[in-house]
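Notes for the one structure printed next.
2 protein chains.
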Amino acid sequence: MSQALQQNGHLKMVRHPQIQAKAQALIPEIYHHDIFPQAIVRAEQDGQQIHGWRAEVVNTSEKFFQQDFFQGEHVIIDFGQHCVGFLEFACEAVGSPPDAPAHLQFIFGETLAEVVEPFSEYSGWLSSSWLQQQDCYLDELPQRTRLPRRYCCRYLRINIVALSRKFQLRFTALKLDTVTSASLADLPPCTTSDPQLKRIDDVAVHTLKNCMHDVFEDGPKRDRRLWLGDLRLQALVNDVTVKNYDLVKRCLYLFAAMTREDGMVSANIFVKPQVIADDTFLFDYALFFVDVLQEYVAVTDDSETLAELWPVAWRQIELALERVAENGIVRDSNDWWSFIDWHQDLNKQAASQGVLIYCLNKALLIARQYDPTKSDFLEHQISRLKAAALRKLWDPQSGFFTSGDSRQISCASQVWLVLADVGTLESQQQLLARIKSHPPEIQMNTPYMMHHYVAALLHVNEIEQATREIKRYWGAMVEYGADTFWELFDPQQPDFSPYGSKLINSYCHAWSCTPSWFIRKYLL
Amino acid sequence: MSQALQQNGHLKMVRHPQIQAKAQALIPEIYHHDIFPQAIVRAEQDGQQIHGWRAEVVNTSEKFFQQDFFQGEHVIIDFGQHCVGFLEFACEAVGSPPDAPAHLQFIFGETLAEVVEPFSEYSGWLSSSWLQQQDCYLDELPQRTRLPRRYCCRYLRINIVALSRKFQLRFTALKLDTVTSASLADLPPCTTSDPQLKRIDDVAVHTLKNCMHDVFEDGPKRDRRLWLGDLRLQALVNDVTVKNYDLVKRCLYLFAAMTREDGMVSANIFVKPQVIADDTFLFDYALFFVDVLQEYVAVTDDSETLAELWPVAWRQIELALERVAENGIVRDSNDWWSFIDWHQDLNKQAASQGVLIYCLNKALLIARQYDPTKSDFLEHQISRLKAAALRKLWDPQSGFFTSGDSRQISCASQVWLVLADVGTLESQQQLLARIKSHPPEIQMNTPYMMHHYVAALLHVNEIEQATREIKRYWGAMVEYGADTFWELFDPQQPDFSPYGSKLINSYCHAWSCTPSWFIRKYLL
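Listed in order, the protein sequences are those of chains A and B.
Heads up: the first sequence begins at 1 in my numbering, then just goes up one per residue.
Heads up: the second sequence begins at 1001 in my numbering, then just goes up one per residue.
Spelled out as structure tokens, the structure:
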């Protein structure tokens, strides 16, 4: 999840300093690991490869450190894995004393395409400021330099833009000081005997790790921000892998620390230089506060946090219910009110109905244990909304739930109404089977939506089908050489970007790391 | 002076650590002054102006700090004077919270042309790494930033390369933290009653000040290095203005700290990250060590320094005399063996003969006072070289000294043989007059060479003519709006550059600051 399309002019936001103080007290320890160049590569055009490029090894890293670079040359370093961290390097001059600065340009790529296709031709609609590059001018040589920004890359291209005629440049050291708040020291092993699932789990854990910093970030290259929808999925994987529960707790407190005047939590939070809730509010994301809290408490039994944050969660329920019309259906609108999936044509109404019921179910789990007076109310709402979904959204002719005035049929609507447990188990199983046999025109575009599809399959006990879908979808990314799972992946159009350029897609994205949760929790 | 064209493969250099330690103990105090934006300007094409550009004020600096910048906009700040220092600025986002980094590009120009004509079209032969630019990516806003490199500018262009659709950028602070090792607090007033000379003196002092840092730099924008030829002229102006004698002493020690195996001092010294003598050796520059030492001792009476450095100076004399042929004339060669002037076609032989005699005269001044046993030897050499110049180089037919096998006639040859005091006062006066009445084809290209011409006029007591030349030449730069004097100035071709582009010329150059010395010492 990545970009708000709306801007609300004069929103009133409210800060809750005591809650924010609790979040700030939970800033995590950061673990550092040095990653060194593994090989020097050349990019070869290859239509069989993802994005059309193949890396050919042309040199060892040992030879790289012996090479004298002349003005105009360049090198592409392969770190052998997806890294998030800080570049440190040392250079010296070879030849006469350096009589001019050395002008170097560093280009960082999660993918090979990013270091080969010129950024100058970028025309996507996300800011080009996300393209990872830095020009450096070294006034003194030898010099050891640490670039101040954090980068995200497997490949690093260095262009030797300008030296002088009197000297060449040699790198005497170069590494990435990688950072994460995930401690892999105590990572429970993944005990699956299926080698493909094992490999998928590896990539998923690496994805989660590289998204864990001061907060759970959505993607470490671009956005680098705490989104509720991403947090929700990261927290699940965290539960079965690195178990940094304090980081989940910190993120819950951050969402609660600054809300809209009416108590609605923002879709995402900026953490630096100060905590600011974005002015983007999404129906589904706000409701997910309930879900994250419920899962957190279920795992940790942290009733103190629950007591403090339950009113915040409850407020999201109240606000969401205000959007329900008399007929028991969530009101639709044309703006960016609910996320559901990155799909330009997707109508969000039916899926949002599903999200609401799903979160009411989660709220009911909390209420029964900690706030039983609310249980009856919740049960009543769940019944009402389920009945309305069946009455108003179900289309017997097509065998699908529809959404919006146009009665659109999408995968997302079916998936979310299954997750909401609308209908019988049998009807849910039939519905998910029908998605396969009669594919709706509006398909699923993201690993985020695919997660919900797999979760729905598991909800109806279709474990084998769930496994097949994981292998088909995430397995295909691994086949394409993914070190970490991508924000977007359509096997039919591997270059698809909702932002107008594959270069700006995130290739390590939080919401894509959930296979580890499925594999470790359900498929063992 | 700026670039060595030669590279000597396996030169043996010798370090003299005790001498270097004395230099390091003399690292000067740096004085800081904040300089703030004076106006916001627009560049207008104007063929009447130097380099074809005129600055039109379009906004006050107050309004600049209230302006919200959108992606794609730019601004040109005029600091109202030539500055050397560090840029500090603070930015904030206006609108929604900033959901992408702010990508800014800073371009610094001593002249307006540098911030208007694109660096991408630069094709000069000095390294493009000298072109002053920096791309900044601000990940967090608000943010206060200090760029780590020192820049040199009157104009600063800021390109707002990329923001996002959700926010604009506002500058809340911006200044240059300017630096110099010249203390202007005790600057003696320039008491000339001639307003044009007064203005020229102002610009010259500003030039010296902006070239004074850890060492006397040749130019603070490009090279930024200690060259012996520049040091020699800076030290003269220093004597009559800011009187930082310790800095002259430090620079003499730096040249003595690392020499060629045979004792020759380098033409220039790199100071950071460690002291390294360049592998460029010039006949005239090495000899100037004698001249700088003599002038330093004459002003300071520092006999301790003299005792320590006189052997180094003497060695330059010995080495230079080794280049004298049996006929008493300095041997010519085709490589870059002597500097004299930036002139592609200039033959350096006769002028170098002049430099040698001139420095022997300076050595004789030292010897008579401190090392009288060498006086006879020096007097003999001076007589021999002067006689040889008259015998071998003088061409009665043209009335000029000639140089090289082609018997080239240049201004430089005449000027340096006058400064060497070859011939009678009357013949010298006639010679300098003849430069005006019968201009040699090989003219003078730099303020450096013009300095020697003016010095020669003063040597023959042509004070009025010297004053006219200063007003004609340096006065024309002031008329063109110079805040500091330029490295290169040919009134006939104001865009002349020996480097292939006016953008890379230095517009604050040490060797151009000597009018203050003439005005304060000779013209009052």
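Yeah, the Cβ is synthetic: ideal placement off N, Cα and C, and Gly gets one too.
The DSSP-derived three-state label of Asn1445 of chain B is coil. Shortest Cα-Cα distance from Cys1508 of chain B to any of B:Arg1468, B:Ala1455 and B:Tyr1448 involves B:Tyr1448.
For His206 of chain A, the enclosing alpha helix (DSSP H) has its first and last residue at Pro195 to Cys211. Under the DSSP assignment, Thr259 of chain A falls in the beta strand (DSSP E) whose first and last residues are Met258 to Arg260.
In the three-state reduction of the DSSP assignment, Gly1095 of chain B falls in the strand class, which pools E and B. Counting along the chain, Ile1107 of chain B sits inside no alpha helix (DSSP H); it lies in the beta strand (DSSP E) bounded by residues Ala1102 to Gly1109. Per DSSP, the unbroken alpha helix (DSSP H) holding Leu1425 of chain B starts and ends at Leu1425 to Ser1437. For the pair Ser1506 of chain B and Glu1487 of chain B, the CB atoms are nearer than the 8 Å cut-off. Between Ser1516 of chain B and Val1292 of chain B, the beta carbon gap of about 17 Å keeps them out of contact (Cβ cut-off 8 Å).
Collapsing the DSSP output to three states places Ala1185 of chain B in coil.
Secondary structure at Phe1401 of chain B: strand, using DSSP grouped into helix, strand and coil. By the CB criterion at 8 Å, Val1094 of chain B and Phe1167 of chain B fall inside the cutoff. Against chain A, a Cβ distance below 7 Å from Tyr1137 of chain B picks out Ser129 and Arg149. Taking 7 Å as the cut-off between beta carbons, the residues of the region 1269 to 1293 of chain B near chain A are Phe1270, Lys1272, Pro1273, Ile1276, Asp1278 and Asp1279, in sequence order.
Residue-level contact check: Asp335 of chain A does not touch chain B, since none of the beta carbons of chain B fall below 8 Å from its beta carbon. Of the other Cβ atoms in all chains shown, fewer than 16 fall within 10 Å of the Cβ of Gly1072 of chain B; this residue is therefore exposed. Following the DSSP letters along the chain, one finds Thr1172 of chain B inside the beta strand (DSSP E) bounded by residues Phe1167 to Thr1180. Gln168 of chain A does not reach chain B, its nearest Cβ partner there being about 12 Å away, counting only Cβ pairs nearer than 9 Å. Here the alpha carbons of Asp1177 of chain B and Gln66 of chain A stand approximately 40 Å from one another. Taking the Cα of Leu360 of chain A as reference, the smallest distance to any Cα among A:Asp78, A:Val460 and A:Ile382 is reached at A:Ile382. Straight through space, the alpha carbons of Pro37 of chain A and Val299 of chain A are spaced by roughly 40 Å. Chain A has a Cβ within less than 8 Å of the Cβ of Leu1163 of chain B. Checking the DSSP bridge columns, you'll see Tyr1031 of chain B partnered with B:Thr1180.
Here Gln20 of chain A carries a helix assignment [DSSP, helix/strand/coil]. Taken through DSSP and simplified to helix, strand or coil, Tyr155 of chain A comes out as strand. Within the region 104 to 150 of chain A, the complete beta strand (DSSP E) segments of 3 residues or longer fall at 133 to 138 and 143 to 146, listed in chain order. In the displayed model, Leu1087 of chain B falls within a strand according to three-state DSSP.
The continuous stretches of alpha helix (DSSP H) do not include Met13 of chain A, which lies in the beta strand (DSSP E) extending over residues Met13 to Arg15. One finds Lys1272 and Pro1273 in chain B with Cβ atoms closer than 8 Å to the Cβ of Glu140 of chain A, taken in chain order.
The Cβ atoms of Glu62 of chain A and Val41 of chain A lie no closer than 8 Å to each other. Taking a contact as a CB-CB distance under 8 Å, the pair Ser128 of chain A and Tyr122 of chain A counts as one, their CB atoms being some 5 Å apart.
Taking C-beta atoms under 8 Å as the contact rule, Ser338 of chain A and Phe283 of chain A qualify, at a distance of about 4 Å. Between the alpha carbons of Ala1043 of chain B and Cys1153 of chain B lies a distance of about 15 Å.
Cβ neighbours of Lys1175 of chain B within its own chain (closer than 6 Å, five residues either side excluded): Asp1034, Phe1036 and Glu1088. For the region 48 to 80 of chain A, residues whose beta-carbon sits nearer than 9 Å to a beta-carbon of chain B comprise Gln71.
With 16 or more other Cβ atoms inside 10 Å of its own Cβ, Asp1230 of chain B counts as buried.
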